[in-house]
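So the sequence lines, in the order shown, correspond to chains A and B. Counting from 1, one number per residue, gives the positions in the first sequence under UniProt numbering. Counting from 1, one number per residue, gives the positions in the second sequence under UniProt numbering. Worksheet for the structure shown next.
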Amino acid sequence: MVDTQDQSPFYRITDTKNPDLLHERQSATFDVEQLTQFIFGGPSGYFNINRRRQITRLAYTHPIHKTHLPLEYLDADEHYSLLIRKSFIAIKEAQRFNITDNKQLGWFLSVFSNGRFMFGLHTSMFIKTLETMASNEQKEKFLPLARSFQIIGTYVQTELGHGSNIQRLETEAIFDCTTDTFILNTPTLTATKFWPGSLGRSVNYVLLMAQLYTPDRNHPCGLQMFFVQIRDLNTHEPLPGVEVGEISTRFAHEIADNGYLRLTNVRIPRNHMLMKLAYVDEQGNFHRLGDPRLLYGAMLATRVSLCAFFSILLARAATIAIRYSAVRRQGLNPSGKETLVLDYPLQQEKLVPCIATTYAFFYSFMKLENLRVQILESDIILFEQLPELHAISSGLKAYTSTIAERFSQICRVACGGHGFLVASGIKTINNMLDAACSYEGDSVVLFQQTARYLLKVMQQADDDNDINMESSITYLFSTISAPATIVNLDDYCRLFECRSQLLLKSISNQLIESSSSTSYDKLSKNSIELVHIAKAYVETFILRAFYDGVRKAAEHQSFALVFEQLFHVFAIHTLRNQATDFIRLKLLTAEQIYQLETYTLPDLYTRLRPNLVALVDTFDFHDNELNSCLGCYDGQVYEALMERARLNPSNRYKVHPVWTSIKQNTMSKL
Amino acid sequence: MTAIIRRAIHLKHRIYYYHSDFLLPYSINLNGIKYKTTVENNEPKPHNQISDTKNDHLLTERQSATFNVEELTQFMFGGPGNYFEINTRRQIIRLALDHPIHGTHLPFEYLTADEYYSLTIRKSLLAIQEAKRLNITNNKHRRWFFDIFVNNRFVFFIHTIMSLHSLETMTTEEQKRQFLPLAQSFHITTAYAQTELGHGTDVQRLETEAVFDPTTDSFILNTPTLTSTKFWPGGLGRTVNHVLLMAQLYTPDRNHPCGLQMFLVQIRDLKTHEPLPGVETGVIGVHFAHTFGDNGYLRLKNVRIPRTQMLMKFDQVDEQGKFHNQSDARLLYGTLLHARIYLCESVTVALAQAITIAMRYSAVRFQGQNSNGNEIRILDYPLQQAKLIPCLSATYAFVITFMKLDNYFNELKTNEEIYLEQLPEIHALSSGFKAYTTLISERMAQVCRVACGGHGFLVGSGLVGIRNFLDAGCTAEGDNVVLLQETTRYLLKVMQEVEENNGKHIDSSVAYLSLPLWSSRTTMNLDDYCRVFESRSQLLIKEACNTMLELSSSPSSDEFLNNSIQLVHIANAHMETYLMRAFYEQVNKASQHPSISSILEQLFYVFAIHTLRNESADFIRFKLLSADQIYELETRTLPDMYSQLRPNLVALVDAFDFHDHELDSCLGRYDGQVYEALMERARLNPTNGHKVHPAWLSLKQGTLSIL
């Protein structure tokens, strides 16, 4: 019987079965649990690891988890049916266990349904949007239904022809004052709503983003959000005028049930437009009420939490690749023994920067999350700081998804052929991170928003020296002296700050001097460099955040040094990928960078070598979360691979039916 | 027959008949569809004409091109001796696509695992029959025909690519007579069973055993441990009836290891297709690139095969169990090289497909608005160009270099003596090229995916499958970093010879190592770019020679290991010089085609500068170029090239002349009707056949009531 109050780590060293892995764990120089608590512990910390462990244990005690094959062996219909069932049971179980805190509920639902909770958009975007954009009256009416899952909804924005640029959405809501209703239509092919999660077969309501026309078709009033029923609550059949279905996404089962939606003259009552920020009266007059930035707050919260999600995905990929590399042997060493692949410098070159980056991402997320709490969860929302939060969260979302996608691919390659199996867990992570580069904002679009913010503060600072300087950009306006030699951690931070400042100043001047007529043309012409300065800014932010983490770790003798080493790896790895900047801006010479890359970095790999497994054990993933034959805690990778292969339903045939039919067919010549 | 229930999915103009039970109808009922037995039009015309374009924006793009697409296609892929033999290839593609079976099934992503497998088997067997009927005998042509016919999922591809080659080159005359006709006619089908659960690249460590038993004149085969389970071979899971088994030979008894040998082993009954006694075989877990079909595992328990089933051209075991070693191991290399060339072809073609899809889609997709309030074609964004144009130029570089390499190898093959002499160079080039192109192509395919936004993530975009294939390519046929170290070992050896200056002949691909270094100049022509890359490579190799004391050291030596990160870097640098040179030669060849040559030149510059700026630290450190020069190239010259190439971008991918069927992409289709295609593909999803999904029916009817 599992003790669900248990807050201890999921595994102990004694659970290790593979002797090589055991040896790795025994040779670590720090206590894993101590580090886990340092980073992820504390009831007020975002990750609240002790509570998370309890919740994970609770979720896995349910017998349903033992009743099905690995998900990759289910066909599309079985897969969907299982996840619907699990999602509903998860909701019920969460109620039974009285898990009410939003974040904890999110963990429970996700863990319970193998990371594929079907109503994630309902519990996040749908309910959050109702909370922020519905009038009090609407809230009273809709929210209890939504919270009790009597209605299940999703957030429907993206269209077949329009993604990032929402102003161009084509779906129409035309007010008809004779019936006091809106008439909803998808007037063109490209207006078809396309991609929303859970839309395909699952939800009965949607929050529909559409162009409002009132009092009639000739008066466009911009985008509004409408509360629209699309399926019958009793039969689950689509309502008249609604065409809805699933789009094809076989490779990313994780983002489940993405759908399309076409509406033909669907009518909804006037009070189904969300009316907190704007409303339409009975005569069809349009009134603006609230601050549209309110909605923006909800979007920002989602974006911030994505950065945590990407860090976790990357941590999983790193865990799998490191553990497997500590078990897998390949090639002869001079003593005639086979070499552990983790001992190859080339393998370390792939994986150590990946671990260092994972830690850096966790710290940058936590810094961002603190900022979010300060700005959005104080008594009054601090609107004047929203732009900064927007700039960092956009930049960090774009940066972490792009880098994490590439690293997860490196982890895949580092695991060789076996990494390519779904059972490795890595391909799935890679696919999820790939998708992450596009959803919730394309990376280059987001980077440009970050850059635009930076240019703005730069120009405001020029106009008015008295401006209130915000924390993450203070360095842009201070005189920073480039370090002559790189000794301290702070030297790296200053190097990156100098680079970011110099790049920004130069582009800012260039734009002022530019002859282009409109600011649009200026920005567009320089967009490649704008993306570059945004990245430089984000890298500085991450480095500073990691630096703060290292400083905090200084009190803990056993891992302070390890943390410093990770910081160095992250800093040098990031730096050498941007070498031209540092050389051109005369912050470093090519020779210096060569030395760092060729001598310092491999030296750090060697020093970190005894702790690599411990550094991923620190993330404390449950084997079920990893769902990986290569990354299981006990290290029995080959047993796991063979067992998983034998589970393949196709192997239940002695002879596959197609061959039986061929062999029995007299027409066959073969 | 009630068992065959047909579901028809009606769309506006097309009807897909879809056998709900794929398992029965091996002989397809074509329902009176007329089957043309000959392709009416034998003219090697392009697959598409500009007038086929339906999307206006795409039409504008095509009309504004400054050169004739077909002229470029013929220049690149036509002409005598060209690897791609475009005119023949077109005919083969038409022949393959002419068969009515292609209209009878849903897109592959909508099939269940069993349906999917059944369909690929049916199509593969049909393809074999058809190739025979159409008398397509040339190996390459037949392979193209199979690939196209079976939607790149030909299940016997390992049999045709690798095994047949081994059976030709590694067997005695008698074995050849005995096995080859059966294998060529697909009565014997094989998988190439080398990789084991515990061992991949390092073949010496394979554990599968073949122990000779003189009393019965047979070998006893065993997989003695878990890790010795054969794992991954394509076609092994459910398909083949034989394997070419790589195993450790012990003869005359278990105490005398004689190293790895290849055995032809029957694993399934030819009549019933059941696994033979002692054989456990099955499919390994699901993986993402369905294109590598039916990967399987194999465990053998005391399986006996006659002594004569060991492939004995080079080494023999006689009746007494005496081992005769006559092997020139170098000759074994042929099969691997053969497979590697095929992989390189597939990789370059896959990248060309990815860039075709991304480019065409970017020409029809609009997003954002300019200062006049008009929506912007995404191909007009500098950031989109910065993503796609380097991919396009790299594709041209790869295709050109691939053809050059293949030509070179074929030339060498005509004389066995020269071939053996040049084997180190061949090995270095083919290893390096495979590793470099898969690494870069995988990255670029990912760039193409992102450039297509969310829609790129749909299987129906075609990009997901390509990316997964290229990802697999980084590992298949040898891990990239392992291969690159092989290339470097060769480079270090040559460098040593050059420095010893013993007047020995220097292989053409490394001739630059003895040239003086490039001296810096302000304006750089094509040759300057080649030279600057060559100088960098030369300096890197010299540097490594100086830091490493034992040059002849084995790859496992500490010296080699400690420097392995740089050694891989060196191999990449060398491959870049090779690609640049090949591209340069092609630009020169184009000089008789004025409308083409300037465009190829622009592509060359993009490839050169893009590659250079990614490795800028080297060039600066060696004082070949200054940081400011590189900054200029990157921020001025490169965007300038993008603008010059802009009118020709679509034409440059059209020149690859892919058939829509090959691309299998809603986003990349020639006519530009992307949204229609996406919508049609979504509606085909079988799950949309339910008005209410069964999971919800049972929920609503209370049988699965949860809430």
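We treat Cβ as the ideally placed atom computed from N, Cα and C, and that holds for glycine. Computed from a prediction, not measured in an experiment: that's the story for all the values here.
Contact set between residue i and chain B, taken where Cβ atoms lie within less than 8 Å
i, result
"Lys-663 (chain A)", "Lys-271, Thr-272 and His-273"
Residue burial classification, residue i (beta-carbon count within 10 angstroms, cutoff 16)
i, result
"Gly-42 (chain A)", "exposed"
"Gly-417 (chain A)", "buried"
"Ala-147 (chain A)", "According to the sequence provided, residue 147 (chain A) is Arg. The question's Ala does not apply to it. Arg-147 (chain A) should be labelled exposed."
"Phe-117 (chain A)", "buried"
"Glu-109 (chain B)", "buried"
"Tyr-529 (chain B)", "buried"
"Asp-618 (chain B)", "buried"
"residue 711 (chain B)", "Since the first and last residues shown for chain B are 1 and 707, residue 711 (chain B) lies out of range."
"Gln-330 (chain A)", "buried"
"Asp-147 (chain B)", "buried"
"Arg-372 (chain A)", "buried"
Proximal residues of chain A, C-beta to C-beta of residue i below 7 Å
i, result
"Ala-544 (chain B)", "By Cβ distance, chain A contributes nothing, its closest Cβ being about 11 Å from Ala-544 (chain B), past 7 Å."
"Ile-565 (chain B)", "Pro-345, Leu-346, Glu-349 and Pro-602"
"Tyr-584 (chain B)", "None at all; the shortest Cβ gap to chain A is about 25 Å."
Spatial distance of residue i from residue j (CA atoms)
i, j, result
"His-23 (chain A)", "Glu-338 (chain A)", "16 Å"
"Pro-516 (chain B)", "Gln-385 (chain B)", "37 Å"
"Lys-301 (chain B)", "Leu-276 (chain B)", "11 Å"
"Phe-84 (chain B)", "Val-613 (chain A)", "49 Å"
"Met-575 (chain B)", "Ile-426 (chain A)", "30 Å"
"Leu-368 (chain A)", "Phe-541 (chain A)", "9 Å"
"Asp-253 (chain B)", "Tyr-297 (chain B)", "27 Å"
"Ala-627 (chain B)", "Leu-119 (chain B)", "56 Å"
"Ser-519 (chain B)", "Phe-407 (chain A)", "38 Å"
"Ile-375 (chain A)", "Phe-226 (chain A)", "28 Å"
"Ala-553 (chain A)", "Ile-99 (chain A)", "32 Å"
"Ile-396 (chain A)", "Met-366 (chain A)", "According to the sequence provided, residue 396 (chain A) is Leu. The question's Ile does not apply to it. Roughly 12 Å between the two C-alpha positions."
"Thr-475 (chain B)", "Thr-160 (chain B)", "21 Å"
"Arg-288 (chain A)", "Gly-163 (chain A)", "25 Å"
"Asp-6 (chain A)", "Ser-27 (chain A)", "27 Å"
"Thr-600 (chain A)", "Val-658 (chain A)", "59 Å"
"Leu-313 (chain A)", "Ile-429 (chain A)", "6 Å"
"Lys-66 (chain A)", "Ile-89 (chain A)", "14 Å"
"Asn-488 (chain A)", "Glu-634 (chain B)", "32 Å"
Contact set between residue i and chain B, taken where Cβ atoms lie within less than 9 Å
i, result
"Asp-603 (chain A)", "Result: empty, since nearest Cβ-Cβ is about 11 Å, beyond 9 Å."
"Ala-256 (chain A)", "Correct list: empty, because the minimum Cβ distance to chain B is about 12 Å."
Nearest-angstrom beta carbon gap, residue j and residue i [assumed within contact, 8 Å]
i, j, result
"Asn-265 (chain A)", "Asn-185 (chain A)", "6 Å"
"His-229 (chain B)", "Asp-294 (chain B)", "Looking at the sequence shown, residue 229 (chain B) is not His but Thr. Incorrect: roughly 16 Å between the Cβ atoms, too far for contact."
"Arg-267 (chain A)", "Thr-181 (chain A)", "4 Å"
"residue 720 (chain B)", "Arg-62 (chain B)", "Outside the displayed range of chain B (1 to 707) lies residue 720 (chain B), so it cannot be described from this structure."
"Ile-136 (chain B)", "Phe-145 (chain B)", "5 Å"
Per-residue contacts from residue i into chain A (C-beta, under 8 Å)
i, result
"Asn-685 (chain B)", "Gly-245, Glu-246, Ile-247 and Ser-248"
Contact set between residue i and chain A, taken where Cβ atoms lie within less than 9 Å
i, result
"Ile-121 (chain B)", "His-656, Val-658, Trp-659 and Ile-662"
"Asp-471 (chain B)", "Gln-409, Arg-412, Val-413, Phe-420, Lys-427 and Asn-430"
"Pro-516 (chain B)", "Neighbours of Pro-516 (chain B) on chain A: none; closest Cβ ~22 Å, over 9 Å."
Within chain B, partners of residue i - CB distance below 7 Å
i, result
"Arg-168 (chain A)", "Glu-375"
"Arg-584 (chain A)", "Ala-627, Asp-628 and Tyr-631"
"Ser-438 (chain A)", "Val-450, Gly-453, Gly-454 and Phe-457"
"Tyr-638 (chain A)", "Leu-197, Gly-198, Leu-226 and Thr-227"
Q. What runs of the alpha helix (DSSP H), each 4 residues or longer, lie entirely inside the UniProt domain "Acyl-coenzyme A oxidase N-terminal" (68–188) of chain B?
A. Within the UniProt domain "Acyl-coenzyme A oxidase N-terminal" (68–188) of chain B, the runs of alpha helix (DSSP H) at least 4 residues long that lie entirely inside it are, in chain order, 69–77, 86–97, 113–133, 139–149, 164–169 and 173–184.
**Q.** Ranges of the beta strand (DSSP E) found wholly within the UniProt domain "Acyl-CoA oxidase C-alpha1" (333–492) of chain B, counting only runs of at least 3
**A.** Segments of the beta strand (DSSP E) lying fully in the UniProt domain "Acyl-CoA oxidase C-alpha1" (333–492) of chain B: 366–369 and 375–377.
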